[in-house]
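Working notes, structure below.
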Amino acid sequence: MVRGLGILPIYYAIPLSIILTLLVLFLLTLSITLTPGGRFTRMFMEYTGLTLIATFITFFIGLIVKRYFNLEI
Numbered sequence: 001m002v003r004g005l006g007i008l009p010i011y012y013a014i015p016l017s018i019i020l021t022l023l024v025l026f027l028l029t030l031s032i033t034l035t036p037g038g039r040f041t042r043m044f045m046e047y048t049g050l051t052l053i054a055t056f057i058t059f060f061i062g063l064i065v066k067r068y069f070n071l072e073i
């Protein structure tokens with residue numbers, strides 16, 4: 001049996017998060033090059049930053065719950 005975080009096994013979750021982070025960075029650089037210092041770039045940076053922070057917080061909460069309470073999320 002494969003131990004993992006919730007639905008995804010851990011060796012699927014780590015490359016998936018790396019790929020998603022690279023995709024977000026690619027979209028960020030694309031938006032910076034397309035809009036010369038516009039409002040869209042700042043808004044996009046704020047939203048991607050908040051999304052990444054929320055993703056890491058959710059990930060660590062899942063790890064803590066799984067480790068200490070031994071629950072499946």
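The C-terminal position of the sequence shown is numbered 73 in our numbering, with every residue numbered one higher than the one before it. Where a beta carbon is used, it is the ideal one built from N, C-alpha and C, also for glycine. Nothing here was measured: the structure is a model prediction, and the numbers come from that model.
For a cut-off of 8 Å, the C-beta gap from L28 to M45 is around 7 Å, short enough to register as a contact. Straight-line measurement puts the Cα of F26 at about 17 Å from the Cα of L50. In this structure, T58 keeps its C-beta atom at 8 Å or more from the C-beta atom of V24. L22 has its alpha-carbon roughly 15 Å from the corresponding atom of I53.
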